[in-house]
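Chemist: Numbering (my numbering), first residue to last: 22 to 170.
Every residue gets a Cβ at the ideal spot worked out from N, C-alpha and C, and that includes glycine.
1) Under 8 Å, do residue 94 and residue 140 count as touching if we go by C-beta distance?
2) For residue 138 versus residue 106, is the C-beta distance shorter than 8 Å?
3) Which first and last residues belong to the alpha helix (DSSP H) in which residue 13 is found?
4) Does the separation of the CB atoms of residue 78 and residue 31 fall below 8 Å?
5) May I ask you to report which of helix, strand or coil DSSP gives residue 159?
6) For the alpha helix (DSSP H) holding residue 59, just list the boundary residues, first then last.
7) Could you please give the first and the last residue of the uninterrupted alpha helix (DSSP H) stretch that includes residue 138?
8) Roughly how far, in whole angstroms, is the beta-carbon of residue 87 from the beta-carbon of residue 102, given that I think they are within contact range, below 8 Å?
9) Between residue 64 and residue 41, is the Cβ-Cβ spacing less than 8 Å?
10) Across which residues does DSSP place residue 147 in a beta bridge pair?
11) Mapping DSSP to helix, strand and coil, what is residue 121?
12) Look up residue 86 in the DSSP assignment and say whether it is helix, strand or coil.
13) Under a three-way DSSP split, which group does residue 98 fall into?
14) Skipping 5 residues on each side, what residues in its chain have a beta carbon closer than 6 Å to that of residue 161?
15) Would you list the one or two residues that DSSP bridges to residue 128?
16) Is residue 144 closer than 8 Å to residue 119 when the C-beta atoms are compared?
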């Protein structure tokens, strides 16, 4: 998909708070079952560890970040698009960028996040397995998915 209004560039330290806000806004909508208090606590980890320590690519429109993808090798640790621009193909562009870089991609998505699971399916990801608990051991089922060339 080609979207001339969107460019993708590497993460810059000055993106931290904007991307953190995108993460929180999108997470509150996509993961309400986790609760706002837990998501706000996780936001500290996003700022302190996940954004700075992963290979993060930022989708930019009119000079402003509107989404990002965080990679740990070929694993997508994060894919978030600002709620106001979701559905405009930004996530698709970020996935295509990561796929071109890595060749094969894997990710985990909460089973309760029907919209994300459906979106990943449309992008060619296939379910490989499931876990009854998330990475913190909490009882939220996770679907493991993979995209190959």
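Modeler: On the basis of the data shown:
1) no
2) no
3) There is no way to answer for residue 13, as the model of the chain reaches only from 22 to 170.
4) yes
5) coil
6) 57 to 66
7) 135 to 143
8) 7 Å
9) yes
10) 167
11) helix
12) strand
13) strand
14) 131 and 155
15) 97 and 166
16) no
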